Every structure is written in C-alpha cells, then in structure tokens.
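Contents: one structure, followed by commentary.
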Amino acid sequence: MDFLNNFQLNSLMFLIPSLFMFCCGVYGFLTRRNMIAMLISLELMLNAVDMNFVVFNRFLCPAQMDGMFFTLFAIAIAAAETAVAIAIIINAYRIAKDIDVKDLTKMKF
Amino acid sequence: MEATLPLLILVLPLLMFLFLGLFGKFMSHKWAGIIGTAGMGVTMILAYYTAYLYFFSGNFVEDGTRVQYIVFNQDWLSLWGNLVIKLGFLLDPISALMLVVITTISFMVHLYSNGYMRDHHGVWETGFQRFYAFLSLFSFSMLGLVVATNIFQMYIFWELVGASSYLLIGFYYTKPSAVSASKKAFIVTRFADLGFLIGILILSFTTGTFDFMSLTSTPLAGVENTYIVDAATATTALETGAGQMFLGGSLMTWALVLIFMGGMGKSAMMPLHIWLPDAMEGPTPVSALIHAATMVVAGVYLVARLFPLFMINDDLGGAALDIVTVVGALTAFYAAVVACTQLDIKRVLAFSTISQIAFMMVSLGVSRPEVHDNLGYMASMFHLFTHAMFKALLFLGAGALIHAVGSNDYTAMHGLRKRMPITHITFLVGCLAIAGIIPFSGFFSKDEILTACFGNSIIAYVWMSMVAGLTAFYMFRLYYLIFWWKEHKVHEGHHAPKDQPWTMTLPLVILAIVATFAGFVPFGDLVTWNGHPHHGGINWMIASISLCVALLAIGLATIMYRKENPLPERMRHLFPNLWTWARNRFYFDELYMFITHKIIFNSICKPIAWFDRHVIDGTMDAFASVTNKASYAIRGLQSGNVQSYVWVYLIGAIVLGGGTVAVIFLFF
Amino acid sequence: MLSNILIYFVIVPILMLGGLALCRNIKQIRAVAVAGSLVLIGLSVYLLVEYIAQRGLGADAPMLFTGSWTWFEALGIHLAVGVDGVSIAMLVLTSIIIFAGSFASWKIDNPRAFFLWLILLSTGVYGFFISVDLFTMFMFYEVALIPMYLLIGVWGTGRKEYSAMKLTLMLMGGSAFLMLGLIGIYYNTEMPDGSHTWNIIEIAHQGHIDKGWQYFLFPMTFVGFGVLGAMFPFHTWSPDGHACAPTAVSMLHAGVLMKLGGYGCFRVAMYLMPEAANDLAWIFLILTGISVVYGAFSACVQTDLKYINAYSSVSHCGLVLFAILMINTTAMTGAVMQMLSHGLMTALFFALIGMIYGRTHTRDIRQMGGLMKIMPYLAVCYVIAGFASLGLPGLSGFVAEMTIFVGSFQQGMGEYLAGAGSLRLVFTIVACCSIVITAVYILRVVGKLLLGPVQDKHHLELTDATWWERLSTVTLIVSVAAIGCFPNFFTGLIRDTFSGELFEAVKLNMMNIF
Amino acid sequence: MESVGSIIAYVVVALAIMIFSVLAVTTRKILRSATFLLFALFATAAVYFMLGYQFLGGVQIAVYAGGIVVLFVFSILLTSHPGDNSSKLESKKKTVGLIGAVAMFAVCAWSLISRCSVIKNLPDLGETQLPTMKQIGADLMSSGDHGYLLPFEAISVLLLACIIGGIVVARKK
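Protein chains in written order, with the working numbering: chain A, 1 to 109; chain B, 1001 to 1668; chain C, 2001 to 2514; chain D, 3001 to 3173.
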C-alpha cells in the first residue's frame, strides 16, 4: 500500500482529465454536424477551461481567488452565449428547417 | 535726374494695357484707339525729353565721356548672395537711342492702326481694343527690356516681349495659320531663351552678379558710374570665369555663346529664324513694330549691351565674337537669297529684316578696339536706328498696299504707282534707304558697317558687300513688281486700290522723312561703345564701292523686273535647284517639322506616354490585380463551414503550441 | 490652448462641419462654406501679419506660435503646433484655394455631404501644416487623404471608382512607408535625457538619429511623402485621380494636397536626417529630375485637358522635390515658391477645366476649338493660367522657376568645379529644358482649345462665366499675379526657414563637401 | 498523503469526467448527448467541491447543469423530432477528427508533463482559509485590489444584451 500511502493529489491529476474533456470537445466539434451537438462540444471545452482556472488557482496561489472569479464570470458568459447561440440556431432552423452545419454556409465569401 | 519721368515712360504703357485690357470692351472702338494713341504719344514725348536730356543737357558727360546713369533700381527678387534681380532704369547711349526708336515706331503704329484696323467701309476689326491693349503691353515690355539695369531684368522683359509678340501674331485667332505661327514664334524663341537662361546662370555663377555695371567693372569697387574697364584690368570674377574650362571652352565663352543663342532666337538668326517669316500672319502694323523695328533687334541690343564682356572674352582668346560674326554673315546671305524668290510681299520684307539684322550682328562681331576704335559697335547701333525707321516705313507701306488690295501676294498688285502715289513715293524712299543710296539713311549706316568689316577682314567685307548688293536687288525687284508692270483690271463691284486715310499715310510720310534724313544724325557723337565721341567721317573709298554695287544691283533689277519680260524665267532655269531651294527657304521649316514632329513628338513624347500608361501604370495595376487574383484564389478558405475554420485553427494551434514547447524543451 | 491662434485653423473647419450639419438648404450650405473660408483667409492673413511683426521684433526661434499639449502620455504624443514662414505660406495657399474651391463647386450635387468631406479634408491639411509633432502630423495627413476616396468615388466623372481606389491605395501605400519611417525616427531619437520625442523642433535641435538608421529612414519618409508629391515612378495616381475628380477636389488636391508631399519631404525627411539626405540625394535627384522632364513630355501628347494638367503637375511638383534636394537656401526657397505658384495656378487650371467641361461636356481637346469666341472670359483666364504655367514674368511661375534654377545652378556648378560630381549640374540643365517643353504643351492646348475656328456648332450657344465662377478665378489670378509681381515679400517670408539658425546647423552637417 | 476516501472520490470523479465527455460527443441521440453533458458538468462541480470551492460548485450546478442544459433540452425538442438519430458519421471524418483530437491531446499533455515545475502537490491550506461566501460577496462588490465590481457590472450589461439579443434573434418576423 505504499502507493496509497504516498498518494498525493497533484495538479496534473486534474489537468489531464480536463485536457481529455477538452479534446473530447474538440473531437465533437470537428465531427458532429448537428449544431446543437457542436454547441454541446463547445460547452465541454469551455468547461474544461473553467476547470483549469480553478485548478491553477487552487494549486499555485490558494491565497487568492482570481481563478475562481474568472470561472465564475466565464460561467455567466457561457450561459449568455448559449442563450444567444440557441436563439440563432432556432432561427436558422426556422429558415432552413435543418440545423446541419453543412447546409448553413450562406455566410461565406 | 528725377525718377518720375523715366518711371512714367514705363508705367504709362502698362497702365494703358491694363486700362484697355480690362475696360476696353466697355468703350467704343474709336475711343479705345484715341486713348491708346494718345497714351503712346505722351510716352513718346517723355522718351524724347529723356533722350534729349541725356544726350544734350551735358549733365551726363564726365571728362568727355558719356556716363551710364541708373535712374532708379529697385530690388525685385533676392536670390543668392549678391544675386538680386532688380527692376531699374539704366540710361546710357544705347538705351536712350532705343527709347527714341521704340516710342517713335510704336506711336506711328498706334496711329496707323486706327486706319488699318478698319475695312473699307469703316467697320472696325473685332478685338480692336484688345489690339491696342496688346500694343501697349508690347511697348511696355520692350521699353523695360532696353532700360534694364541687369541681365535678369532683361530676361524678364525679354520673355514679356515674347509673350506680347505671341498675342499679337495670333491676333486673328480664328485663323489656324495665325495660331500656328504664333505658337511657332513663341516656342522657337523660347528654345533660344533656354540658352539665354543657362547663359545667364553661368555668367552669374562666374561673376556673382547680374548687374550690367558690375559685370563690366570691378564688383568690389562698386562704382556705379565707371563705364567700362579695359580688358587688361578685367575683374577677378571675370577672370575666374574665363579661366575655368568647361567642355572645351572657357565658362565665359560658354556663357556668352549661350546668351547669344537667346539673341539669335529673338533676332531670327539662322538656324532659329524660322518663326519670323511665319510671324507675318499678324496684322501688318504689328509686323512693322515688332518684327521689323524693335523686338527683333533685341538680340542685337543684347550683344551690344554685353559688348564689353564679348570684348574681354575676345581678348582672352574666346571665340564668342567670332561666332556672332559667322552666324550673322551666314544669316545675312541666306536671308538675302531667299528674299529674292519669295512671292508674299511681307515675307520678302521679313527676310530682308533678317538679313539687315544679321548686318548689325556682323557689325558687332567684327568690332574690335583696334579697328577704328570699335567702329562696328557704333555702326551697328546706327544701322539699328536707321533700319528701324526705313523698315517700319516699308512695312507700313506694305500694310497700306495689302489693305488696299486685300492680298499679300504681289502678283495681285502690279502697277499701283498711279493709284497710290503717296504710298509709292514713301515705299520708294524706303527701298532707296535700304539699298544704301546716298543720301538716304541706309547709305550712311551700311557704309560704316562695311568699313568696320573691311577693317576686320577682307573676306567679311566682300561677303557683306555682296549681301548689300543682293539687298538692293531684291528690294527693287519687289518695288518694280508692285508699282510697275501692267495694272490689273478692277473687277466690277471691287474698289480700285487707292491711297489710304490720313491716319495711315501720315506715319508713312513722317517715317519717309526720317528715313531720308536720319543718316545725317551725328551718331558718332552720341552713341559709341565707351561713351567717348567717335570722330571719323565717311570712308569714301568703301562708300563709293558699295554705292556702285547697289546701283549695279538696282540696274539689274530694273532690267529684269521693270516690265514683264522673260528674263526672270530664264534666270530661274539657269539655276533651277538653287531657285527651288531658295523658294522653299532651303527647307528649314521641313527640317524643323521633321525634328519636332517625327523625332520629339513621335519618338519621345508618344513612347513616354505609352510607357507611362502601360509600363508604370501597368505595374501599379498589376499589383492591384495580383492582390485581387490572390484574394479570389484564397477565398475558398472562407467556406462558411465552421468546422473547416476550426480545423485550420486547430492545426495552427497544434503547430504553434507544439513548436513553442519543442523549442523551449530543446533549447532551454 | 485656445489662446494659441494656430489651433483655430483646426477649430474653424470643425465648426464648419457642425454648421453644415445644421444647414437645411443649399443656400445655407453655401453660406457656411463661404463664410468659413473667408474666416480662414482672415485667419491666415492675420497670422501672416502677426508673424512678420514678431519676426520684425526680433523673434528668432525657428518656429513661432508654438504650443504643445499632451495627447497620449505613454507614447509621448503631443498636439504640438508651431509655424515658420513656409507653413504660413502653405496656410495662406490652402485658405485661398478652399475659398476658390467653394465657389467652383457652387452647383454640386448633394452639397451637404460634398462640403462635409471637403472641409474634413481641409481640416487635415490645416492640421498637417500647423503640426510639429510627427505623430499628429501623420494623423492629420491621413485625415486629409481618406475623404479623397469618397469625394472622387462619389462626385467624380469617368472611371471614378477605379481612380479613387487607385489614388487612395497608392497614397496609403506611401503612408505605410511613411509610418514606418516616422516610428523609426521616434525610436531612434535619443534626447539628451535618453527619452524619445515626436517633436520636430526638438529632434532637429538636440536629437541625433544614428547614421545607419538614417539610411533606412530617409528613403522611407522621402518616398512616403514623395508618393503624394507625385515623384516618378509613383505618380500614376495623379493623372487618373485628377481626371476623374470633381472640380473643387482637383483644385484642392493638386493645389494643396500634393504640397503636403513636398512640405513633408523637406520638413521631415531632409530636416531630421540631413546626413542621409546628403548621401542619398542622388537617387532622388535622378527620380525627380526624370519627373520634371517626363511629366512635361507626357503632357505633350495627351488629349484630355485634365490629363494634360495632371502631367504638368507631375512635372512641376517634380521640380519642387528636385529643388528641395539641392539643399541650398535659394533652391529650397524656390521650391516653396513653386509649391505656392503651382498650387494657385493648377487650381486655376482645374477650376477652368471644370467650368469648360460643365459647358461642353467633353474634355477632349480634339472636339473643342475656338472657345475664345464663345466664352472669352474663361478663355482669357485659361491663357493667363497657361502663361503662369510656362513661366511668364509677372506671374508666379517665373519667380519660382527662376529661384529654383539659380539656386540649383549655383549649387550644381559649385559642386562640379569643386570636383564633387556633375549630377546636380546636369539635372539642373535638364530641368531647365522643361521650360521649353512646358511652352510646347501649354501653347498646344491654348491653340487647339481656345483659338482657331469653332469645332462644334453646338458650342456656339454656350454661355460665359457666371459671377461665382468669375469670383473663383479672379481670386486665384490675383494671387498668382501678386506672387509674380512682388516676389520678394514671399521669398523673404520663406527664406527665414532656410537661413535661420536651425537650418544653418542642419546645412553645416550636410555641407561637408563644400 | 490522502485519505482513502478522497482517493476513491478522485478516481470516481476523474473517470466520470472522461467517460461522460466521450459519451457526450459520441452518442448519436442528441438528447442523450445533452444528458451526458449534464453528467460531465456534475462531475466538474464535484471537482470544485473537492478543491474546496463550494460556492463555485454550487454555481456550476445551478447555472450550468440547471440552466444551460435545460436550454439545450428545450432547443433540442424544438428543433428535432423525438426519436431522431443524427446521421451516422462517416468513418473518414471520424478518423480525421480523432487524429486531430489525439494530436491536440498529445501536444498539450506533453507540454504539461515536460514542464514539471508547474506540477504541484495540493498545497496544505494551513492557516489560509478557502473563500467564504461573505468574502466572495465582498470581492464581487469591491472596487479595490482583487475587487471585481467592473467585470461584474460588465457581465450584467452583457447579460442584458444577451437577453435582448436572444429575443431579437429568435423572435418571429
């Protein structure tokens, strides 16, 4: 049980899952075609980033709370962003009857 | 001397110009004519008075020397150190002489134009006021030119006379030939002025001054009244200028030759003479004033003005004076030959003018202190004076003929001696004067020129005597063709040619009287190169020879042209090529046409314009179109597909992030 | 800040902009434009008088009426103003041309927007001439450039979009060089206390730019300003731009804006980097020397009136830069005289061309002829402008050209005889030749356009100038004649700049060869 | 040394984060995807609790899990019919996406591991207390050092803008 006895939580242990989550988000964003699914992937990425803020705050300078506040605000902004994004998606759906990104390329050029 | 009087001489014509130019259209033709003539009359009287004071009051003679006197000299534009352009009034023998000549002829022309610028029914030419305004402008410029105290003032008025000449030649501006003639006159003289300008620049560089007096005296002494220095005590500035070699000549020689080039342009010396015959497109009074009596002698005046410099240059071994001589001699002969074959009466007179001016040039060119104490200089000025009178007379007479007949071509005239007696007599006086028949004025001045030539070299003398003979020949050819031969029939409904109204005949008569007696003016006492009176009577040996030559030539002309006969035709067939070439003025115009159109226009201007449009502009457009094409090419990246953007971003992030980490990892 | 008179040169146009916004009809718009430009003329004249008075009282600072207000502390950017004779001459020129331009655009479409942009442009021009802070100068420079795009693109004629784009892009390209150069100057100016400064006077006085950097920064700034000064081979915006621009814009652009180039070249490039200017002058001398002759030759074969005048501007503005590069008092004085002269006469030309075009609806000289008979007033004005352009004494062109030629020749010949190369001499003579070529193309136009028989019978019904057109042209002609008749007043004003203590110091730096 | 409980808790949470993330992006049913996202968010909240930021964890659950996911669910219901499967992904695209994600993971993980200095053990809090609600509230409203009044206000404006923007965008014309 040496391993257990010496077990210490270090920052890497939180950063790696968060990174994994982020990469899942990237994967999802790259492969999914449903816009809501893409948005979900986006939320995953954003969440991973939030987590990093908190982790760095906690591990590097626990006396301050800047990272935590960043996360706090990021959550608020994420909420706002999601709301607008979903409004846009619904609007796009009304127009195109579809929310597949492949079909929504009117804004190019 | 008070400055007001001379200042008025300059200002009055200028005011006339502004007044008639700005308000002319609000006044009647008649009044415009009267005001213009009266203004010029007052100017003439003032000029006479000034000249009288200068020559005869004795105030301007010191130790038996006539001094140069600066009446006023106002700074106009400061350039470089001492190089200040001043506007001033220099009174010396030649400027006083020119004042008289210019105002006299100008007044005559003003008076004459009152009659000339009307048709037979008394209807005024359109733009009559404008005509008088331009005449005043010209008088102003010409007066400013001759009284210049420095070479740059001279250049300023030089340009102004060019411009007023342009305006006057192009007076009938709806006539394309007049327009192109005026353009040609301006551009040719402008080209010559380029030489003049560069000459001034060199001269002012080497001497550090524009001022005539300083140029000819030690600048350091600053004495404004010393007249001239000997070549031996030439100023240091001049000597440096003379000593600096530049492209095979001293700077001094270059400067003088280039300045002379300006004179060549204005005085229509070969090969820059081509504008003068064409300038006859202007109204005849203008030809009389500008292209016979005053403006065209500006070149002679210029050389005379700078004569001390030319002389110093000659002493130092420069060739400037010799160039003047050669150019003058060639031009004199060329113009005389061409004059023998022309049909247009004004063109004959134009070539005759060129030839006579060349006489003056030669006279200046051969003038040396050792030859009768610079007799040539005096002779040249004398001839300038007499020539102005009799040539103006001839032109005004020609104007009267043209006005009466309605054509420039003398084949349309013939036998007018009975119909126009006054014109006939005065014209004959002019011809006799120019031919150099005693006692008419031309005899005296031409005799002195030939004496000066003789003193310099026998070749010059023979050559010029020959030209003098040719002069007599072609003038009498003209005379006979106009006034003798068989009269043309007057067609129904046409007016028979008759003498013109008094405004036109009076100037003729006055000028004829002057042309007859001007030779008796004691010129040697008044106008000499150094202000000392020059005493030397007529050289009877040379005088009689030239008289014989002139009489012979007149005799020949009488035989050939007194009546219609086949002799001229036969002569013509004797030298067919010569005749054709002379008739076509030795194809100078065609040569210039070739140079300007084919070479400059087609081979320089057009390629440059093409280059600009296609190469330079094309390069700029190419930049634009490359940018444009590139944008179109890469706009596919902006597909609108979010996922592809993310891909690009991701790859960029991986490469950048990975690269950064790798670099840090590997090197730090 | 408001106690400094110079500030009003920016404030008045801004007030005019506000006034325009309130206008309700074309009469009020005209009133604002005319009143404003009159105020500006008054201001410039007052400044001129005051300046001469102060100089007379012995003020010997290189710049008078200086003032400096912090704008952005962190980068040391100030709104720094100050004028010397050259700037005042330029301010007067600008005021006159704006005045004349307002009358020349009496009947423009959509006048409110037009005058808005025009006045914004003039704000930039005024600001540029009063600034002595490099950054502020650059900012005003850009303010002056941008409205040009809209003015040409919207109110122009012919290929206006193309020309507007070309003009703007090329000038912006110049600005890019210029900005690099200016920032480089800022960071390479070591003041005695180790700080940097944008202030021209301070840089010239105390700051010394490292010579190695000068070799880089001098071409940058010279080319940057040179593009606006229509230096060969960066001049091609000028013919197209001028040809397509509306009358007042052509006037202002050729008359004033191109002067920004020349002014900047000497005020920034030559003044601050004398050593590089001395060593690299030969490159630009060749280019500007080519400009002079090249523009003149090109003008000889054009058939569009505006093209002729635009190429003539290339030639004349080339002479400005050419004279600046001579680095001597006389030639540089001549350069400024040439700026004044060219500004006025080319504005006159463009005004007249606009008026003629407004009547005949063509600018092709082959389709017109004998206009002297139809519209004598305009024709006479055109002839006067032509004479000014070909350098007739009594009009401004002669004075400027002769000052330049005398100065350049003295410099060139001096260098040649001192064994320092014949480049300046040769190019001076080449430049002198332009007076002949100028005569050729001017008289060609006069002959074809104004004289001769009437080409087009429809033209016979055209009318002569209206009162506002007369006012516009008379203003310019009087100015041209005033410079031509009393040049010493103007050269005296300008010469201060080139013979003052500051310039002498700069010149000593340059004159190692002499 | 950590207690066994906390070790177990960590393992569970870490695994939950990874598993639910993978599931959220791989499942073909969109509603399930939202559900898995919800779980991943819960797991994240658990991390916050574990690290001692109770308030943040609460916010995470309330706003994210409670608010945002509900929004997702609504929009999914609005834009798709129940029982819809999203079309099967092309394997090529899947592979490429996978490669991208893995590359990203590799680079980031490598850079994390290679920079050992940032890997720290969980510091002992000792005397320093983790933020209390009171302190958070005070900081949010303070304008001094470590005060967040300005971003707070900015966020409020942003939210307002979002509300208006959402209405404008989604409104029926």
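Each residue gets a CB set at the ideal place from its N, CA and C atoms; glycine is no exception. No experiment lies behind these values; they were computed from the predicted model shown.
Below 8 Å, how does it come out for the region 83-90 of chain A and the region 3151-3158 of chain D: are there three or more Cβ pairs, yes or no?
Contact between the region 83-90 of chain A and the region 3151-3158 of chain D is absent: fewer than three C-beta pairs spanning the two stretches fall below 8 Å.
Cα separation between G2264/C and F2225/C?
Translated into the one-based positions of the third sequence, residue 2264/C becomes position 264. Translated into the one-based positions of the third sequence, residue 2225/C becomes position 225. As the crow flies, the alpha-carbon of G2264/C is around 6 Å from that of F2225/C.
Tell me which residues of the region 34-51 of chain A have at least one Cβ-Cβ distance to chain G shorter than 9 Å, keeping chain order.
Structure shown: chain G not included; protein chains present are A, B, C and D.
Closer than 8 Å to chain B by CB, A2439/C:
The residue you call residue 2439/C lines up with position 439 of the third sequence. Yes, its Cβ sits closer than 8 Å to a Cβ of chain B.
Contacts of G3057/D in chain B (Cβ-Cβ under 8 Å):
Mapped onto the fourth sequence, residue 3057/D falls at position 57. Within 8 Å Cβ-Cβ: nothing; G3057/D doesn't reach chain B, min ~30 Å.
Could you have a look at K1183/B and say whether DSSP puts it in helix, strand or coil?
Numbered from 1 along the second sequence, position 183 holds the residue referred to as residue 1183/B. Here K1183/B sits in helix by DSSP.
Counterpart residues of H2078/C in DSSP-defined beta bridges
Position 78 of the third sequence, counting from 1, holds the residue named residue 2078/C. Bridge partners of H2078/C: T2070/C.
Looking only at its chain, what residues have a beta carbon closer than 6 Å to the beta carbon of L2145/C, apart from the 5 residues adjacent to it on each side?
Sequence index remark: in the third sequence, residue 2145/C carries index 145 (1-based). Here the set comprises L2171.
When the Cα of N1059/B is compared with those of T1580/B, Q1153/B, M1154/B and D1092/B, which residue comes out closest?
The sequence position of residue 1059/B within the second sequence is 59, counting from 1. Restricting attention to T1580/B, Q1153/B, M1154/B and D1092/B, the CA atom closest to the CA of N1059/B is found in D1092/B.
With 16 other Cβ atoms within 10 Å as the buried cut-off, status of W1158/B:
Position 158 of the second sequence holds residue 1158/B. W1158/B comes out buried.
Is V3102/D close to chain B, meaning its C-beta is less than 8 Å from at least one C-beta of that chain?
Counting from 1 along the fourth sequence, the entry for residue 3102/D is found at position 102. Chain B, which has no Cβ nearer than 8 Å to the Cβ of V3102/D, makes this no.
Cα-Cα separation, L3041/D to H2196/C:
Numbered from 1 along the fourth sequence, position 41 holds the residue referred to as residue 3041/D. Numbered from 1 along the third sequence, position 196 holds the residue referred to as residue 2196/C. In this structure, the straight-line span from the alpha carbon of L3041/D to that of H2196/C is close to 54 Å.
Taking its Cβ as the centre, do 16 or more other Cβ atoms sit within 10 Å of F1019/B, making it buried, or is it exposed?
Along the second sequence, read from residue 1 onward, the residue named residue 1019/B stands at position 19. Around the Cβ of F1019/B, a 10 Å sphere holds 16 or more other Cβ atoms; the residue is buried.
At the level of alpha carbons, what is the spacing between V2399/C and A2331/C?
Walking along the third sequence from the start, residue 2399/C turns up at place 399. Walking along the third sequence from the start, residue 2331/C turns up at place 331. If I take the Cα positions, the gap works out to 12 Å.
Identify each residue in the region 1643-1661 of chain B for which the Cβ-Cβ distance to at least one residue of chain A is less than 9 Å, and report them in chain order.
From the region 1643-1661 of chain B, only Q1643, V1646, W1647 and L1650 have a Cβ closer than 9 Å to chain A.
Determine, using beta-carbon pairs with one atom in the region 1477-1488 of chain B and one in the region 1562-1571 of chain B, whether at least three such pairs fall under 8 Å.
Counting Cβ pairs under 8 Å, three or more are found: they touch.
When burial is assigned at 16 or more other CB atoms within 10 Å of the CB, is V1527/B buried or exposed?
As a working mapping, residue 1527/B is identified with position 527 in the second sequence. That one is buried.
Name the two residues that bound the continuous beta strand (DSSP E) containing I1085/B.
The residue given as residue 1085/B occupies position 85 in the second sequence. Here the beta strand (DSSP E) through I1085/B covers L1083 to L1091.
Compile a chain-ordered list of the residues in the region 13-28 of chain A whose CB is closer than 8 Å to at least one CB of chain B.
Within the region 13-28 of chain A, contact with chain B at the beta-carbon level (separation under 8 Å) is assigned to V26.
Assigned secondary structure, W1076/B (DSSP; H/G/I helix, E/B strand, else coil)
Position 76 of the second sequence, counted from the start, is the residue given in the question as residue 1076/B. Residue state, collapsed to three classes: strand.
For S3021/D, which residues in the same chain have their Cβ closer than 6 Å to its Cβ, ignoring the five residues on either side in sequence?
Working through the fourth sequence from its first residue, we reach residue 3021/D at position 21. For S3021/D, the CB contacts under 6 Å within the same chain, skipping 5 residues up- and downstream, are A3040 in chain order.
Does any C-beta atom of chain C lie closer than 8 Å to the C-beta of S1165/B?
Taking the first residue of the second sequence as 1, we reach residue 1165/B at position 165. No, because no Cβ of chain C sits closer than 8 Å to the Cβ of S1165/B.
Sub-8 Å separation of L2443/C and I1187/B beta-carbons
As a first step, residue 2443/C must be located in the third sequence, where it is residue number 443. As a first step, residue 1187/B must be located in the second sequence, where it is residue number 187. With contacts defined by Cβ atoms closer than 8 Å, L2443/C and I1187/B form a contacting pair.
Cβ closer than 7 Å: which chain B residues qualify as neighbours of V101/A?
On the first sequence, residue 101/A is found 101 positions in, with the first residue counted as 1. Listed along chain B are N1641, V1642 and Q1643, each with a C-beta nearer than 7 Å to that of V101/A.
Listing by chain order, which chain D residues have their CB less than 8 Å from the CB of I77/A?
Numbered from its first residue, the first sequence carries residue 77/A at position 77. In chain order: I3155 and L3158.
Between the region 2411-2440 of chain C and chain B, which residues of the former have a C-beta closer than 7 Å to a C-beta of the latter?
Listed in chain order, the positions of the region 2411-2440 of chain C with a beta carbon within less than 7 Å of a beta carbon of chain B are M2413, L2417, I2429, C2432, C2433, I2435, V2436, A2439 and V2440.
Determine the contact status of L2116/C and L2020/C, defining contact as a CB-CB distance below 8 Å.
Taking the first residue of the third sequence as position 1, residue 2116/C is located at position 116. Taking the first residue of the third sequence as position 1, residue 2020/C is located at position 20. A contact, by the Cβ cut-off of 8 Å.
What's the call for G25/A, buried or exposed, on a 16-neighbour Cβ count within 10 Å?
Working through the first sequence from its first residue, we reach residue 25/A at position 25. In summary, G25/A is buried, with 16 or more beta-carbon neighbours lying within 10 Å of its beta-carbon over all protein chains present.
Identify the contact partners of V3025/D in chain B, using a Cβ-Cβ distance below 9 Å as the criterion.
Numbered from 1 along the fourth sequence, position 25 holds the residue referred to as residue 3025/D. Under the 9 Å cutoff, chain B gives no residues; its nearest Cβ is about 13 Å from V3025/D.
Restricting to runs no shorter than 3 residues, where is the beta strand (DSSP E) found entirely within the region 1543-1589 of chain B?
Complete beta strand (DSSP E) runs here, min 3: none at all.
DSSP-derived helix/strand/coil call for S2422/C:
Walking along the third sequence from the start, residue 2422/C turns up at place 422. Three-state result, S2422/C: coil.
Quick check on T2428/C: does DSSP put it in helix, strand or coil?
For the purposes of this step, residue 2428/C is identified with residue 428 of the third sequence, where counting begins at 1. Looking at T2428/C - three-state DSSP - the assignment turns out to be helix.
Min CB distance V3169/D to chain B below 8 Å:
Within the fourth sequence, the letter at position 169 stands for residue 3169/D. False, the Cβ-Cβ gap to chain B never drops below 8 Å.
Proximal residues to P2013/C (C-beta, below 8 Å), its chain only, five neighbours per side dropped:
Position 13 of the third sequence, counted from the start, is the residue given in the question as residue 2013/C. Same-chain partners within the cutoff: G2036, L2040, I2119, L2120, S2122, T2123 and Y2126.
So who's on the other strand from S1165/B, going by DSSP bridges?
Taking the second sequence and counting its residues from 1, one reaches residue 1165/B at position 165. Residue pairing by DSSP places S1165/B in no beta bridge whatsoever.
Roughly how many whole angstroms lie between the Cα atoms of Q8/A and M3050/D?
Position 8 of the first sequence, counted from the first residue, corresponds to residue 8/A. Position 50 of the fourth sequence, counted from the first residue, corresponds to residue 3050/D. Going from the Cα of Q8/A to the Cα of M3050/D covers about 14 Å.
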